[in-house]
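Protein chains: 2
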Amino acid sequence: MGPTIIFWYEFASTYSYLSAMRIADAAQRAEVEVEWRPFLLGPVFKSQGWDTSPFNLYPAKGRYMIRDIARTAAARGLAFQMPATFPGNGLKAARLALAAKAQGEIGGFTRAVYAAAFGKGLDIFDDAVLTDCLLSAGLNPEATRTLASDPAVKAALRANTDEAQALGIFGAPSFTTGDGELFWGDDRLDQALAWACAKTPAKS
Amino acid sequence: MGPTIIFWYEFASTYSYLSAMRIADAAQRAEVEVEWRPFLLGPVFKSQGWDTSPFNLYPAKGRYMIRDIARTAAARGLAFQMPATFPGNGLKAARLALAAKAQGEIGGFTRAVYAAAFGKGLDIFDDAVLTDCLLSAGLNPEATRTLASDPAVKAALRANTDEAQALGIFGAPSFTTGDGELFWGDDRLDQALAWACAKTPAKS
Numbered sequence: 001m002g003p004t005i006i007f008w009y010e011f012a013s014t015y016s017y018l019s020a021m022r023i024a025d026a027a028q029r030a031e032v033e034v035e036w037r038p039f040l041l042g043p044v045f046k047s048q049g050w051d052t053s054p055f056n057l058y059p060a061k062g063r064y065m066i067r068d069i070a071r072t073a074a075a076r077g078l079a080f081q082m083p084a085t086f087p088g089n090g091l092k093a094a095r096l097a098l099a100a101k102a103q104g105e106i107g108g109f110t111r112a113v114y115a116a117a118f119g120k121g122l123d124i125f126d127d128a129v130l131t132d133c134l135l136s137a138g139l140n141p142e143a144t145r146t147l148a149s150d151p152a153v154k155a156a157l158r159a160n161t162d163e164a165q166a167l168g169i170f171g172a173p174s175f176t177t178g179d180g181e182l183f184w185g186d187d188r189l190d191q192a193l194a195w196a197c198a199k200t201p202a203k204s
Numbered sequence: 205m206g207p208t209i210i211f212w213y214e215f216a217s218t219y220s221y222l223s224a225m226r227i228a229d230a231a232q233r234a235e236v237e238v239e240w241r242p243f244l245l246g247p248v249f250k251s252q253g254w255d256t257s258p259f260n261l262y263p264a265k266g267r268y269m270i271r272d273i274a275r276t277a278a279a280r281g282l283a284f285q286m287p288a289t290f291p292g293n294g295l296k297a298a299r300l301a302l303a304a305k306a307q308g309e310i311g312g313f314t315r316a317v318y319a320a321a322f323g324k325g326l327d328i329f330d331d332a333v334l335t336d337c338l339l340s341a342g343l344n345p346e347a348t349r350t351l352a353s354d355p356a357v358k359a360a361l362r363a364n365t366d367e368a369q370a371l372g373i374f375g376a377p378s379f380t381t382g383d384g385e386l387f388w389g390d391d392r393l394d395q396a397l398a399w400a401c402a403k404t405p406a407k408s
């Protein structure tokens, strides 16, 4: 098996948007496989004593984050619009993403959800918004919703969230490599890819 | 006047170490002037309801920070050793830095203190450690200490800290430009330098 990184993301996370829109291309250039792993930040934040995003708890940090994302998005030619409610509720999108994964379409669906959430500022807990995302990823909305409501999918999302915490993940996006190395933030994507390459023996 | 950035730093801050050791070279390459501005994070953290560093309040984040700095320092050929007590007390060093600034030696003294704090893990509240830093920056320890104890220097440090908060600064290192743009973190140094250049009319 060649080099792989796991991409840990939460659909309500602004910095995850930045990574989601570029990770497929960046990983392909680096010849690294990506495992897309949605999880929920809510339980992680709760375990740190927070009942909402730190960007709400610490307004100076929240104001800065919006400006920082706006600058970076502009530099990358990405649209950026904060949704009216932040953080949004990423639960439905995360379950649908796991159902999309089972159909081999998690990358496209994930990008569609982030483009809706932070490119257009839409509410990703709204079923009509999610239907558009499923369609744009080439998925059948009804069949994917049925799959997403399976107890196994719900359990898989809880397991992702538990595993994230066990790995020491405290925010999103995060990246982990096969040797257990953790990288936090869109700013560390390139370092994570380089690490995965350096630590994986070349194929013979 | 050509492009300038203000470098806001706290001597107890690990990520400020990374920036302090490279900002002079990076700014020279970008043809940007640097104004060195030590301040105290303690009052900023207190206003957010924290009585210590967030790296202590949130242990997963603290463990990650140490690993992240270790990786980045290694990639840059920088020594890295956490001091026994974190965060250290940067008050004396910050006042001495302002006294060094009056003598045109703030860059060298700042680098010496960070190299002691995070290159060697020494206690920068220890007078013997600070004496070595002053000497290595070519400063007279006694004269600089006399200057640092002047009420005007103490007031200048308080004013820096107040101004940092007024600018929306919530962590260190931070960088600001003449048009009021704020950049947070060693990861944004290059972006801050580029911003300063782009927003300053070329000299005729």
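Which chain is which? The protein sequence lines are L and P, in order. Count the first sequence with the working numbering and you get residues 1 to 204, in order. Count the second sequence with the working numbering and you get residues 205 to 408, in order. No residue lacks a Cβ here, since even glycine has one placed at the ideal position from N, Cα and C. Keep in mind it's a predicted model, so treat the numbers as computed, not measured.
For LYS265 of chain P, return the contacting residues in chain L, with the cut-off set at a CB-CB distance below 7 Å.
Residues of chain L passing the Cβ test: PHE170.
Keeping to the same chain, check which residues put their C-beta closer than 6 Å to that of LEU147 of chain L; ignore five residues upstream and five downstream.
Within the same chain, Cβ atoms closer than 6 Å to the Cβ of LEU147 of chain L are found at ALA99, the five residues on either side in sequence being excluded.
Tell me GLU239 of chain P's beta-bridge partners as DSSP assigns them.
In the DSSP output, where bridge partners are listed per residue, GLU239 of chain P has P:ILE210.
When you check each C-beta in the stretch 162-190 of chain L against every C-beta of chain P, which residues fall closer than 7 Å?
Taking 7 Å as the Cβ-Cβ cut-off, the stretch 162-190 of chain L approaches chain P at GLY168, PHE170, LEU182, TRP184 and ASP187, given in chain order.
Taking the alpha carbon of GLY104 of chain L as the reference point, which residue from L:GLU35, L:ASP186 and L:GLU163 has its own alpha carbon closest?
If we check each option's Cα against that of GLY104 of chain L, L:GLU35 comes out closest.
Along the stretch 247-265 of chain P, what residues have a CB closer than 8 Å to any CB found in chain L?
Correct list: GLN252, TYR262, ALA264 and LYS265.
CA nearest to the CA of PHE80 of chain L, picked from L:SER53, L:ALA117 and L:PHE45:
For the residues L:SER53, L:ALA117 and L:PHE45, the minimum Cα distance to PHE80 of chain L belongs to L:ALA117.
Is TYR318 of chain P closer than 7 Å to ALA228 of chain P when the C-beta atoms are compared?
No, Cβ-Cβ distance for ALA228 of chain P and TYR318 of chain P is not below 7 Å.
Status (buried if at least 16 other CB within 10 Å, exposed otherwise) for ALA297 of chain P:
Buried, because 16 or more other Cβ atoms sit within 10 Å of the Cβ of ALA297 of chain P.
When burial is assigned at 16 or more other CB atoms within 10 Å of the CB, is ASP366 of chain P buried or exposed?
Per the 10 Å Cβ criterion, exposed.
By the 10 Å Cβ neighbour count, where 16 or more other Cβ atoms means buried, how is PRO43 of chain L classified, buried or exposed?
It is exposed - the Cβ of PRO43 of chain L has fewer than 16 other Cβ atoms within 10 Å.
From ALA12 of chain L to GLY171 of chain L, what distance separates their C-alpha atoms?
Whole-angstrom Cα-Cα distance: 11 Å.
Go through its chain and collect everything with a Cβ distance to ARG95 of chain L's Cβ below 8 Å, but skip five positions before and after it.
Sequence-distant partners of ARG95 of chain L (beyond 5 residues in either direction) whose C-beta falls short of 8 Å from its own C-beta, in its chain, are ALA148, SER149, VAL153, LYS154 and LEU157.
Which class does PHE387 of chain P belong to by DSSP, given the choice of helix, strand or coil?
Here PHE387 of chain P carries a strand assignment [DSSP, helix/strand/coil].
Assigned secondary structure, THR161 of chain L (DSSP; H/G/I helix, E/B strand, else coil)
In the structure shown, THR161 of chain L sits in a helix (DSSP, three-state: H, G or I).
Span of the beta strand (DSSP E) holding PHE167 of chain P?
The structure shown does not extend to residue 167 of chain P, since chain P is modelled only from 205 through 408, so no value can be given for it.
Report yes or no: is there a C-beta of chain P within less than 7 Å of the C-beta of TYR64 of chain L?
Flagged as an interface residue toward chain P: TYR64 of chain L, by a C-beta distance shorter than 7 Å.
Measuring alpha carbon to alpha carbon, tell me which of L:GLN48, L:CYS133, L:ALA75 and L:LYS120 ends up nearest GLY108 of chain L.
Minimum Cα distance to GLY108 of chain L is reached at L:CYS133.
Determine the extent of the beta strand (DSSP E) in which PHE379 of chain P is found, giving its start and end residues.
Residues 378-381.
Ignoring anything shorter than 4 residues, give me the alpha helix (DSSP H) runs that lie fully in the stretch 114-160 of chain L, in order along the chain.
DSSP runs (the alpha helix (DSSP H)) wholly in the stretch 114-160 of chain L: 127-136 and 141-148.
Whether LEU397 of chain P touches ALA234 of chain P by CB criterion (7 Å)
Taking 7 Å as the Cβ cut-off, LEU397 of chain P and ALA234 of chain P qualify as a contacting pair.
Please report how far the alpha carbon of ALA279 of chain P lies from the alpha carbon of THR335 of chain P, in whole angstroms.
THR335 of chain P has its alpha-carbon roughly 30 Å from the corresponding atom of ALA279 of chain P.
ALA128 of chain L burial status per 10 Å Cβ neighbour count (16 or more: buried)
Exposed, since its Cβ has fewer than 16 Cβ neighbours within 10 Å.
Just reading off the alpha helix (DSSP H) that TYR221 of chain P is part of, what are its end residues?
Element bounds for TYR221 of chain P: 218-224.
What's the C-alpha gap between ARG37 of chain L and GLN165 of chain L?
Cα to Cα, ARG37 of chain L sits roughly 13 Å from GLN165 of chain L.
Exposed or buried, what is LEU339 of chain P when buried is set at 16 or more other beta-carbons lying within 10 Å of its beta-carbon?
Around the beta-carbon of LEU339 of chain P, fewer than 16 other beta-carbon atoms lie within 10 Å, marking it exposed.
Measuring straight from C-alpha to C-alpha, what distance separates LEU91 of chain L and GLY168 of chain L?
The alpha-carbon separation between LEU91 of chain L and GLY168 of chain L amounts to approximately 21 Å.
Quick one: what does DSSP say PHE374 of chain P is sitting in, helix, strand or coil?
PHE374 of chain P: coil per DSSP, three-state reduction.
Candidates P:PRO291, P:ALA274, P:LEU244 and P:LEU343: closest to LYS305 of chain P by CA position
Closest in alpha carbon position to LYS305 of chain P, among P:PRO291, P:ALA274, P:LEU244 and P:LEU343, is P:LEU343.
Alpha carbon of ASP187 of chain L to alpha carbon of ALA347 of chain P, nearest angstrom
Annotation: ASP187 of chain L to ALA347 of chain P spans about 43 Å, alpha carbon to alpha carbon.
Status (buried if at least 16 other CB within 10 Å, exposed otherwise) for SER16 of chain L:
In summary, SER16 of chain L is buried, with 16 or more beta-carbon neighbours lying within 10 Å of its beta-carbon over all protein chains present.
Determine the direct distance from the alpha carbon of THR381 of chain P to that of ASN364 of chain P, and round the result to whole angstroms.
About 15 Å.
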